[in-house]
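Undergrad:
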Amino acid sequence: MKLFLIAAIVIVVSASWVAGNNPSLEGFSLFDKVGLCGTKLEYVNLPKRSVVANGLPDEYDARVKYGDAITPVRDQGRCGSCWAFGAAAALSDRFGIAGKKVILSTQYIVSCDRSDMACNGGWLDNVWKFLASHGTVVDTCMPYTSGAAGKVPACPTKCVDGSALQFYKARDVIDVSSNEQAIMTELYNNGPIEVAFTVYQDFFDYSTGVYQHKYGSLAGGHAVELVGWGVDKASGLKYWTIKNSWGTGWGEKGTFRIVRGRNECGIEDMAVVGKPVV
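Below is the structure:
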């Protein structure tokens, strides 16, 4: 009886997250789901920065601090464009924090960034170098269309309404150290960050809680937007709060929490961002 009780307690304590049905992925085969993971988890060739601040709060959420300056959850659809969504979201939010509220075009990045592979994936350093050297336009200039069937329109010479292209760029692009405190410091001081991690099949089933890999094989690399951190009262686990790009019908209204401080699924290995050119 004592052994049974101990085993039961271990199961409860280790179950930090709950699986469930996600309407955003309804009708997706496993092949389709794997196709969402388009980030190449390879060496990031960017300047590194490791600044650590003292006195950071136990909990922080950029959405709470900056309100509607932070863009809503979006949906990449049937296209492996997560690398572009994470970058566009982070740069959009940093423009908003700087007082210039915009939703930047992911489609322009997917169609025009020749250093990446559109719906077939991309690299975090490449997309941020593109945003620094070339930039992107606002979403109303070139709305996202690749999610419907993975088709990529040509890079445009003018907006859909016929107006001239106006570019929004990044500067001082950096690779934030994999040190937990350095990532927190950058997020707290300057705004959301694009991060990437290894996806396993159980991640597709995530519904709520603090994610940690429990079952399933490797699916690929995925890029998302880091917006906060905290400590889960039920499990005691430290976590990152992250905005995904699979629509609000997945996870916790389009977001998820993942264990913080132990590099779960490599979440602290790749953290790339730049400042907005305002």
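First residue of the sequence shown? That's 1 in our numbering, and the numbers climb one at a time after it. Ideal Cβ placement from N, Cα and C applies to all residues, glycine included. Computed from a predicted structure; not experimentally measured.
1. Thr106 lies in the beta strand (DSSP E); which residues open and close that run?
2. Less than 8 Å between the beta carbons of Trp240 and Trp229, yes or no?
3. Mind listing, in chain order, the continuous alpha helix (DSSP H) runs of no fewer than 4 residues lying wholly within the segment 25-87?
4. Quick check: Asn22 and Ser207, are their CB atoms within less than 8 Å of each other?
5. Would you list the residues sitting across from Trp246 in a DSSP beta bridge?
6. So, with DSSP's three-state summary, where would you put Gly266?
7. Nearest-angstrom Cα distance between Val278 and Cys155?
8. Distance, Cα to Cα, Ile267 vs Leu237?
9. Quick one: what's got a C-beta closer than 8 Å to Ile11's C-beta in the same chain, skipping five residues either side?
10. For the ligand PLP, is there a heavy atom less than 7 Å away from the beta-carbon of Cys82?
11. Quick one: grab the DSSP three-state call for Tyr188.
12. Can you give me the start and stop residues for the beta strand (DSSP E) that Leu165 sits inside?
13. So for Leu124, helix, strand or coil by DSSP?
14. Can at least three beta-carbon pairs, one atom from the segment 58-68 and one from the segment 216-231, be found at a separation below 8 Å?
15. Going by C-alpha to C-alpha distance, which of Met117, Ala69, Asn120 and Ile103 sits closest to Pro311?
16. What first and last residue would you give for the beta strand (DSSP E) that runs through Gly230?
17. By a C-beta neighbour count over all protein chains shown, 10 Å radius and 16 as the cutoff for buried, is Gly220 buried or exposed?
18. Please tell me whether Glu194 and Ala223 are closer than 8 Å, where the distance is taken between their beta carbons.
19. Distance check for Thr106 and Gly150, CA to CA, integer angstroms please.
20. Can you check whether the CB of Ala84 is closer than 8 Å to the CB of Val44?
21. I'd like to know whether the C-beta atoms of Leu41 and Lys33 end up nearer to each other than 8 Å.
22. Checking the sheet assignment: what are the DSSP bridge partners for Asp202?
23. Who does Arg171 pair with in a DSSP beta bridge?
24. By how many angstroms is the C-alpha of Asn179 removed from the C-alpha of Cys82?
25. Tell whether a beta-carbon distance below 8 Å holds between Asp93 and Gly216.
26. If distances are taken between C-alpha atoms only, which option among Ala90, Gly247 and Lys243 comes closest to Thr255?
27. What is the DSSP secondary structure of Ile183, reduced to helix, strand or coil?
28. In this structure, what does DSSP give as the bridge partners for Thr136?
29. Verify whether the separation of the beta carbon atoms of Gly274 and Leu124 is less than 8 Å.
TA: Once the coordinates are examined:
1. Numbered from 1 along the sequence shown, position 106 holds the residue referred to as residue 106. Segment Thr106 to Cys112 is the alpha helix (DSSP H) holding Thr106; no beta strand (DSSP E) there.
2. On the sequence shown, residue 240 is found 240 positions in, with the first residue counted as 1. On the sequence shown, residue 229 is found 229 positions in, with the first residue counted as 1. Yes, these two residues count as a Cβ contact at 8 Å.
3. 30-35 and 62-66
4. Locating residue 22 in the sequence shown gives position 22, counting from the first residue. Locating residue 207 in the sequence shown gives position 207, counting from the first residue. Cβ distance < 8 Å, so Asn22 and Ser207 count as in contact.
5. Position 246 of the sequence shown, counted from the first residue, corresponds to residue 246. According to DSSP, which records beta bridges pairwise, Trp246 is partnered with Asp75.
6. By one-based count along the sequence shown, residue 266 stands at place 266. Gly266: helix per DSSP, three-state reduction.
7. What you label residue 278 is simply residue 278 of the sequence shown in a count that begins at 1. What you label residue 155 is simply residue 155 of the sequence shown in a count that begins at 1. Approximately 24 Å, taken between the alpha carbons.
8. By 1-based counting over the sequence shown, the position of residue 267 is 267. By 1-based counting over the sequence shown, the position of residue 237 is 237. Rounded to whole angstroms, Ile267 to Leu237 spans 15 Å at the Cα level.
9. As a first step, residue 11 is located in the sequence shown; it is residue number 11 there, counting from the start. Any answer about Ile11 is weak, because its pLDDT of 33 lies below 50 and its placement is not dependable; what the coordinates show is given next. None.
10. Of the ligands one can find in the structure shown there are none, so the ligand PLP has no counterpart to examine.
11. Numbered from its first residue, the sequence shown carries residue 188 at position 188. Tyr188 falls in the helix class under three-state DSSP.
12. Residue mapping note: residue 165 aligns to position 165 of the sequence shown, counting from 1. Run containing Leu165: none; DSSP gives neither H nor E here.
13. Indexing the sequence shown from 1 puts residue 124 at position 124. DSSP places Leu124 within a helical segment (H, G or I) once states are collapsed to three.
14. yes
15. With the chain covering only 1 through 278, there is no way to say anything about residue 311.
16. Looking up residue 230 in the sequence shown gives position 230. Start and end: Leu218 to Val231.
17. Along the sequence shown, read from residue 1 onward, the residue named residue 220 stands at position 220. So Gly220 counts as buried.
18. The count along the sequence shown starts at 1 and reaches residue 194 at position 194. The count along the sequence shown starts at 1 and reaches residue 223 at position 223. Taking 8 Å as the Cβ cut-off, Glu194 and Ala223 qualify as a contacting pair.
19. Position 150 of the sequence shown, counted from the start, is the residue given in the question as residue 150. Position 106 of the sequence shown, counted from the start, is the residue given in the question as residue 106. Roughly 13 Å separates the two Cα atoms.
20. To locate residue 44, count along the sequence shown from 1; it is residue 44. To locate residue 84, count along the sequence shown from 1; it is residue 84. Cβ distance not < 8 Å, so Val44 and Ala84 don't count as in contact.
21. Here residue 41 refers to the residue found at position 41 of the sequence shown. Here residue 33 refers to the residue found at position 33 of the sequence shown. Not closer than 8 Å, so no.
22. Taking the first residue of the sequence shown as position 1, residue 202 is located at position 202. Paired residues: none, contrary to the question.
23. Within the sequence shown, residue 171 is the residue found at index 171, counting from 1. Note: Arg171 sits in a beta bridge opposite Lys275.
24. The count along the sequence shown starts at 1 and reaches residue 82 at position 82. The count along the sequence shown starts at 1 and reaches residue 179 at position 179. Roughly 23 Å separates the two Cα atoms.
25. The residue labelled residue 93 in the question sits at position 93 within the sequence shown. The residue labelled residue 216 in the question sits at position 216 within the sequence shown. Going by beta carbons, Asp93 and Gly216 fall outside the 8 Å limit.
26. For the purposes of this step, residue 255 is taken as residue 255 along the sequence shown, with counting starting at 1. When only C-alpha atoms are compared, the closest one is Lys243.
27. The sequence position of residue 183 within the sequence shown is 183, counting from 1. Helix at Ile183.
28. Mapped onto the sequence shown, residue 136 falls at position 136. Paired residues: Tyr168.
29. Residue 274 sits at position 274 when you count from the first residue of the sequence shown. Residue 124 sits at position 124 when you count from the first residue of the sequence shown. No, the pair does not count as a contact, with Cβ atoms beyond the cut-off.
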